[in-house]
Amino acid sequence: MLNHKELRKQITALTAEYYKARFEEKEFVPGKTKVNYAGRVFDEEELQNAVNASLDFWLTEGRFSEEFSSKISDFLGVENVLLTNSGSSANLLAFSALTSEKLGDKRLKPGDEVISVAAGFPATVTPIIQNGLVPVFVDLSIPTYNIDVEMLKRAITPKVKCIFLAHTLGNPFDIDAIMALAKEHDLWVVEDNCDAFGSEYKGRKTGTFGHISTISFYPAHHITTGEGGAICTNDPQLARIVRAFRDWGRDCYCAGGDNNTCGKRFSQQFGTLPFGFDHKYVYSEIGYNLKMTDIQAAIGAAQMDKLPDFCESRKAHFQEWKRIFSKYPHCFITPEPTEGADPAWFAFIVTLKDNCPFKRDDLTKYLNDNLIETRNLFAGNMTKQPAFIGKNWRIADHLTQTDFIMNNTFFLGTYPGLTDEMFKYAEEKLDEFVKQY
Ligand SMILES: Cc1ncc(COP(=O)(O)O)c(C=O)c1O
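First residue of the sequence shown: 1, per the working numbering; consecutive thereafter.
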């Protein structure tokens, strides 16, 4: 019988063959094959890593988690990367960390206000409400689809303690302006980088400007682990607090399987516990368990090697849509990067002009009927969503652009799985549609 190392070698080689047989290139048939807005892009390396992690059968954070988080850390240039089971969990943990009593007077408290936007994904706002704080919704600007900085300035009152924003669809918000305001008013900044992993602002990666930032690895995003996310910070205290919130609230920060990393496992005083109570079972936060498995991390570690190419592909696809939609300037407002930004676009966002001869929903129905997938800008206007009606939030001034976006805006994919044939087909279909009017 072969030993386990030999068997692993054979299984790994067979997995590559399996990949070729099962997943390699499918023919694009116009009108029959879907032009997805997003999807996982992978090859045999992700499958082999997933299989190898399964053969390790370590299951919880292990060697692949270490590899994955250190690749993220190198890519972004951040000190601390904590893996989690989703981008939403990453947002919840990043925000919850700021409520920790370990931060003293700087901690966020119930009733404090947090600046955000209403045209976004709910996971950027729900942690604010879940922690008993109050979202303050500021309008967006078109064509960057990021927060209106002038309105944001007017929205800051002594009750505002934090700014929690996503880089909309990969386009960085006006980071210089927001970081300057945060400094002036002593506000925390949480960067939801879930849609912008690889975007840059003035030569530096997004996710490195705020006090803390998050990533999502859901399949629609820049890289995937299926479900998954990460929290990034250069602040060692915040990193320890996030870890505690992520790992049941426990104070101990030993890696799985390790003991006594701090060297004081049985010689500290905590709360009103007896002196020397085992640090492994000391809980200093009201926490969760939102950790990632090593199988997910193994897939992510392979995906990280592809991320730079994925970002270039997203940028090229954005330009292709831009060329196509720019043929109809009387109908469409096409998106623009924020000044100083080089976005790794999550999507190509389009708004129909006021005097456009057709409606957004006519066009998106037509595109979807022709198997070209579209999406709206997530929740549209969050204040109108059933879950948010009657909750404790405030509109800064007005949400005129947000409402306009809710009614007139949609997006198409830029993900690396799109091909020249798909763009040719989509362009023909759009031409056909617009010619009817
Ligand atoms: C901006 C933004 N933040 C957070 C999330 C949540 O990430 P996840 O789906 O991994 O929970 C998403 C959606 O996927 C998102 O678009």
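Think of the CB as a built atom: it goes at the ideal place given N, C-alpha and C, for glycine as much as any other residue.
A quick note: this is a predicted structure, and the numbers were derived from the prediction, not measured.
For residue i, count neighbouring Cβ atoms within 10 angstroms of its own Cβ and tell me buried if that reaches 16, exposed if not.
i    : result
D369 : exposed
G70  : Checking the sequence, you will find Ser at residue 70 rather than Gly. By the 10 Å Cβ count, S70 comes out exposed.
T452 : This structure cannot settle anything about residue 452, because the visible part of the chain is limited to 1 through 437.
C262 : exposed
D190 : In the sequence on display, residue 190 carries Val and not Asp. Answer is buried; the Cβ neighbour count reaches 16.
M1   : exposed
T440 : Any answer about residue 440 is impossible in this case: the structure gives the chain only from 1 up to 437.
I445 : This structure cannot settle anything about residue 445, because the visible part of the chain is limited to 1 through 437.
I46  : The question names Ile, yet the displayed sequence has Glu at residue 46. Classification of E46: buried, given that the 10 Å Cβ count is 16 or more.
I147 : buried
A180 : exposed
A426 : buried
T272 : exposed
G413 : buried
Q48  : buried
K435 : exposed
N91  : buried
P274 : exposed
L14  : exposed
F266 : exposed
S461 : What the structure shows of the chain is the stretch from 1 to 437, and residue 461 is not part of that stretch, so it cannot be assessed.
P172 : buried
Note the first and the last residue of the continuous alpha helix (DSSP H) segment covering residue i.
i    : result
L238 : 236 to 246
K9   : 4 to 23
N408 : 400 to 408
N368 : 360 to 369
V149 : 149 to 155
I128 : 126 to 130
E227 : Segment: none, E227 is in no alpha helix (DSSP H) and carries neither H nor E.
C469 : The structure shown does not extend to residue 469, since the chain is modelled only from 1 through 437, so no value can be given for it.
K183 : 175 to 185
N381 : Segment: none, N381 is in no alpha helix (DSSP H) and carries neither H nor E.
S199 : No alpha helix (DSSP H) contains S199, which DSSP labels as neither H nor E.
A50  : 44 to 56
I72  : 63 to 76
L444 : This structure leaves residue 444 out entirely; the chain is present only between 1 and 437.
May I have the straight-line CA-CA distance separating residue i from residue j, to the nearest angstrom?
i    : j    : result
S89  : G229 : 7 angstroms
E227 : M304 : 15 angstroms
T233 : K9   : 38 angstroms
T225 : A38  : 14 angstroms
E336 : I324 : 15 angstroms
D195 : F346 : 6 angstroms
I366 : Y415 : Looking at the sequence shown, residue 366 is not Ile but Tyr. Y366 and Y415: Cα-Cα distance of roughly 21 angstroms.
L307 : I223 : 7 angstroms
K34  : R40  : 14 angstroms
L418 : P110 : 45 angstroms
H4   : R63  : 18 angstroms
D397 : V138 : 7 angstroms
T99  : E200 : 29 angstroms
S284 : A97  : 12 angstroms
T364 : C331 : 14 angstroms
P386 : P219 : 26 angstroms
E339 : K32  : 40 angstroms
G77  : G198 : 12 angstroms
Y328 : I128 : 40 angstroms
A118 : T402 : 7 angstroms
D43  : E150 : 46 angstroms
A50  : D431 : 43 angstroms
In the DSSP assignment, find the beta strand (DSSP E) that holds residue i and state where it starts and stops.
i    : result
G87  : Taken as a continuous stretch (DSSP letters only), G87 belongs to no beta strand (DSSP E), being part of the alpha helix (DSSP H) at 87 to 97.
D192 : 188 to 192
A301 : Segment 294 to 304 is the alpha helix (DSSP H) holding A301; no beta strand (DSSP E) there.
S284 : Taken as a continuous stretch (DSSP letters only), S284 belongs to no beta strand (DSSP E), as it is neither H nor E.
V350 : 347 to 352
N80  : 80 to 84
Could you say which of the options lies nearest to residue i if we only look at CA atoms?
i    : options                : result
Y437 : K359, V35, A180        : K359
H211 : A347, A16, F95         : F95
A166 : V134, K202, G87, L181  : G87
I395 : F404, M382, I405       : M382
N407 : D362, L430, F433       : D362
N289 : T338, I175, Y425, L83  : L83
G390 : M422, P135, H317, K291 : P135
K333 : C356, V138, D397, Q268 : Looking at the sequence shown, residue 333 is not Lys but Ile. Among C356, V138, D397, Q268, the Cα nearest to that of I333 is on C356.
I11  : F28, A21, L55          : L55
F404 : V350, E428, D431, I372 : V350
P343 : K202, V81, L14, N85    : K202
W393 : V29, D74, S73, Q130    : Q130
F411 : G276, P143, S65, D354  : P143
If we count Cβ pairs, one from each stretch, closer than 8 angstroms, do we get three or more for the stretch 265 to 284 versus the stretch 307 to 319? No, because fewer than three Cβ pairs between the stretch 265 to 284 and the stretch 307 to 319 fall closer than 8 angstroms, the two stretches do not touch.
Touch test, the stretch 248 to 256 against the stretch 376 to 392, Cβ-Cβ under 8 angstroms, three pairs minimum: no
Given 8 angstroms, three or more beta-carbon pairs between the stretch 178 to 196 and the stretch 143 to 163: yes
Three or more C-beta pairs below 8 angstroms linking the stretch 286 to 303 and the stretch 58 to 76: yes
Cβ pair count under 8 angstroms reaching 3, the stretch 93 to 108 against the stretch 140 to 157: no
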